[in-house]
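> For what it's worth, numbering that gives the first Met the number 0 labels the leading residue of the sequence shown as 0, then goes sequentially.
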Amino acid sequence: MINFRIGVKAFIVEDGKLLMIRRRKDDPHNANQWDLPGGRVDLGEDPRTGLVRETKAETNLDIKLLLPLDVQHFTRQDGQIITLLFFLCEKKSDSILLSHEHQEYKWEDLSNFEIEVPDWLEPVLINYKTCCL
0 MINFRIGVKA
10 FIVEDGKLLM
20 IRRRKDDPHN
30 ANQWDLPGGR
40 VDLGEDPRTG
50 LVRETKAETN
60 LDIKLLLPLD
70 VQHFTRQDGQ
80 IITLLFFLCE
90 KKSDSILLSH
100 EHQEYKWEDL
110 SNFEIEVPDW
120 LEPVLINYKT
130 CCL
């Protein structure tokens, strides 16, 4: 049986800065890693609905999906195959309250991006800068 999941990520940009959230130090797969809000899509769930749900759960933000931005595929160290759908989003609320899965958030300047990100996020950043900056 193939171990496959679909995930969704919110690319939330405000004033040229991208919202990044940092995983907890004790996360079993991505300890201390910077990430975008989002997560796994439930079986039978529309990815857009899943992204709204996951972003609210992780950041307490309400979002509006603007457009699909990118798709990335990778295999985790445990062998699970992941397809990630990225959507350009705008926030509809201002109060960020992180879930227990994350330790901090940061609005990172897209013109001077300095934090270390997962390999699958690098091409998404390049594509965004090419199309949208």
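Cβ atoms here follow ideal geometry from the backbone N, Cα and C, with glycine treated the same way.
Keep in mind it's a predicted model, so treat the numbers as computed, not measured.
Spatial neighbours of Ile5 within its chain, please: CB distance less than 6 Å, with the 5 preceding and 5 following residues excluded, ordered by chain position.
Contacts found: Val40 and Thr82.
> Given a cut-off of 8 Å on the beta-carbon distance, is the pair Cys88 and Ile62 in contact?
Taking 8 Å as the Cβ cut-off, Cys88 and Ile62 qualify as a contacting pair.
> At a cut of 8 Å, does the region 49-60 reach the region 24-31 through at least three beta carbon pairs?
With a cut-off of 8 Å, the region 24-31 and the region 49-60 do not count as touching, because too few Cβ pairs lie within range.
> Under the assumption that Ile20 contacts Asp34 (Cβ atoms under 8 Å), give the Cβ distance between them as a whole number of angstroms.
Right, the Cβ-Cβ distance comes to about 6 Å (below 8 Å), so this counts as a contact.
> Within this structure, are the beta carbons of Trp134 and Lys8 separated by less than 8 Å?
A query on residue 134 cannot be resolved here, the shown segment of the chain reaching from 0 to 132 and no further.
> On the criterion of 16 or more Cβ atoms from any shown chain inside 10 Å, does Gly37 qualify as buried, or is it exposed?
Label assigned to Gly37: buried.
> Measure how close the beta-carbons of Val123 and Asp77 come, nearest whole angstrom, since I'm counting them as under 8 Å.
So it is not a contact: roughly 22 Å between Cβ atoms.
> Use the C-beta contact count for Thr48: other C-beta atoms within 10 angstroms, 16 or more gives buried, fewer gives exposed.
By the 10 Å Cβ count, Thr48 comes out exposed.
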